[in-house]
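A quick write-up on the structure given underneath.
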Amino acid sequence: MAGKLPEVGTTIFTVMSRRARELDALNLGQGFPDYDIDPRLTALVSAAMSAGHNQYAPMEGLPALRERIAAKLHASYGLNFDPQDEITITLGATEAIFSAVQAVIGAGDEAIAFDPAYDSYEPAVRLAGGRCVRVPLAQPGFRYDWERVRAALNERTRLILFNSPHNPACTVAGAADLEALAQLIAARDIVVISDEVYEHVVFDGGRHHSVLTHPQLAARSFAVFSFGKTLHATGLRVGYCVAPPALTRELRKVHQFNTFSISHPLQHAVAAYLAEHPDCGADLASFFQAKRDRLRNALDASGFGLPPAQGTYFQLLDFSRFAPRDDMQFAERLLTEARVATIPLSPFYAVPQPLPFVRLCIAKQDRTLDEAAARLNAFAQRLRAA
Ligand code: GLN
146 MAGKLPEVGT
156 TIFTVMSRRA
166 RELDALNLGQ
176 GFPDYDIDPR
186 LTALVSAAMS
196 AGHNQYAPME
206 GLPALRERIA
216 AKLHASYGLN
226 FDPQDEITIT
236 LGATEAIFSA
246 VQAVIGAGDE
256 AIAFDPAYDS
266 YEPAVRLAGG
276 RCVRVPLAQP
286 GFRYDWERVR
296 AALNERTRLI
306 LFNSPHNPAC
316 TVAGAADLEA
326 LAQLIAARDI
336 VVISDEVYEH
346 VVFDGGRHHS
356 VLTHPQLAAR
366 SFAVFSFGKT
376 LHATGLRVGY
386 CVAPPALTRE
396 LRKVHQFNTF
406 SISHPLQHAV
416 AAYLAEHPDC
426 GADLASFFQA
436 KRDRLRNALD
446 ASGFGLPPAQ
456 GTYFQLLDFS
466 RFAPRDDMQF
476 AERLLTEARV
486 ATIPLSPFYA
496 VPQPLPFVRL
506 CIAKQDRTLD
516 EAAARLNAFA
526 QRLRAA
């Protein structure tokens, strides 16, 4: 059977993690922490199961958790959202994005995604019967180029897939980006899915500009967040989507047939954790900035280029001084010769490009970062000598 995604294989994240295990390499590829989570969260999960919260949760999410999320959104952005009609608990951010895409896109519709973009966006559009039009981020610096977006719009465009802080570019959109996006969709029948899972990871005193803070955008957006990133526990798979009531209704129509409802004990645990830590997320920027700086300093003399990283828990490595622009091949050499798993950027593009970048995850113990830097420095030295 040809299937609906004939040329799609297993994601680069899964492949790289598998190969890192096989080769016993340091895994700085797939974005997940290698340090322990807060033991209090573990205790709360266990307590939730002991308390008997082991049957189906409500389809739209546990009310107590949605109320905690509303309080968290108020603390972050000074805005009020109705937990009943505007917040839905999803299976991580990936399900929120997938379900929102299915809710919006039908056969023949077009969605705009950027190039590079997170790998799940385009398959979600195609599985809905739509076409994904890719607009390149402008170089240098992977900036949104709103004139190019305007040129890509037509009467079939229904959706723009926006992402900030951006994975994998590590850039942070500004207020002017939100304004440009709002103007583009103003007189058109277009909605936005805004992937904001790294909302708390913005460095150097910058701040995250959520679409929720822009009234015109908030009225037309699905804003997507995740506790996996905020609680250092990517295996939780508890995310949420904030959208106006009319969009939330459409999202839930899909969600109820996609994942139906999300782990009940985990929702109880996260709600209880948020009650105890209403400011969780507030220290993430300084926590990850220290890790970014540690890795950058350790690679300072390596000869690798280190493009600015304004946010997310990644750092790009520019290897153009050492090797031809073939990121798949260079990532393979790093894996087998330096024993460091990274993520090449090609899979984030519609059409593979000759790229000089691989992505490193900084959400690692200091000693993992130090060992990775030592291996990368030694590899760079070998390349220089060759
Ligand atoms: N979000 C993770 C990353 O960018 C990947 C999650 C996954 O493997 N699907 O590394």
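Per this note's numbering, the sequence shown starts with residue 146, numbered consecutively.
We treat Cβ as the ideally placed atom computed from N, Cα and C, and that holds for glycine.
If you look at residue 461, you'll find it isn't in any alpha helix (DSSP H); it sits in the beta strand (DSSP E) that goes 459-463.
Secondary structure note for residue 385: its beta strand (DSSP E) is the uninterrupted segment 384-387. When the beta-carbon positions are compared, residue 323 and residue 377 stay at least 7 Å from each other.
By alpha-carbon distance to residue 426, the top candidate from 353, 380, 160 and 364 is 353.
Nearest Cα to residue 208 within the set 333, 291 and 231: 231. Pairwise C-beta distances place the region 497-505 in contact with the region 467-479, as three or more of them are shorter than 8 Å. Between residue 418 and residue 234 the beta-carbon gap is near 14 Å, outside 8 Å, which marks them as no contact. For residue 517, the CB contacts under 8 Å within the same chain, skipping 5 residues up- and downstream, are 171, 173, 440, 485, 505 and 509 in chain order. In the DSSP assignment, residue 372 falls within the alpha helix (DSSP H) that extends over 372-375. In this structure, residue 357 and residue 363 form a Cβ contact; the two beta carbons are roughly 5 Å apart against a cut-off of 8 Å. Linking residue 437 to residue 194 through their CA atoms gives a straight-line distance of about 37 Å. Straight-line measurement puts the Cα of residue 250 at about 7 Å from the Cα of residue 270. For ligand 1, a non-hydrogen atom lies closer than 6 Å to the CB of residue 175. Secondary structure at residue 225: coil, using DSSP grouped into helix, strand and coil. Residue pairing by DSSP places residue 340 opposite 308 and 369 in a beta bridge.
Between residue 179 and the set 525, 458, 476 and 477, the nearest pair of CA atoms involves 458.
Under the DSSP assignment, residue 260 falls in the beta strand (DSSP E) whose first and last residues are 255-260. In this structure, residue 366 sits near residue 339, with a CB-CB distance shorter than 7 Å. Between residue 304 and residue 280, the beta carbon gap of about 13 Å keeps them out of contact (Cβ cut-off 8 Å). At a cut-off of 6 Å, the beta-carbon of residue 312 counts as near ligand 1: some heavy atom of the ligand is closer than that.
Here the distance from the Cβ of residue 243 to the nearest heavy atom of ligand 1 is not below 6 Å. Assigned with DSSP and collapsed to three states, residue 505 falls in strand. Between residue 493 and residue 261, the C-beta gap is smaller than 7 Å, which places the two residues in contact. Burial is judged here by how many other beta carbons sit within 10 angstroms of a residue's own beta carbon; residue 283 has fewer than 16 and is exposed. By the neighbour-count criterion, in which 16 or more other beta carbons inside 10 Å mark a residue as buried, residue 368 falls on the buried side.
The criterion of a C-beta distance shorter than 7 Å is satisfied by residue 189 and residue 414. When distances are taken from the beta-carbon of residue 158 to the heavy atoms of ligand 1, the shortest one is below 6 Å. The beta carbon of residue 278 sits closer than 6 Å to those of 255, 257 and 297, all from its chain and outside the five residues before and after it, given in chain order. Here residue 149 is exposed, its C-beta having fewer than 16 other C-beta atoms within 10 Å.
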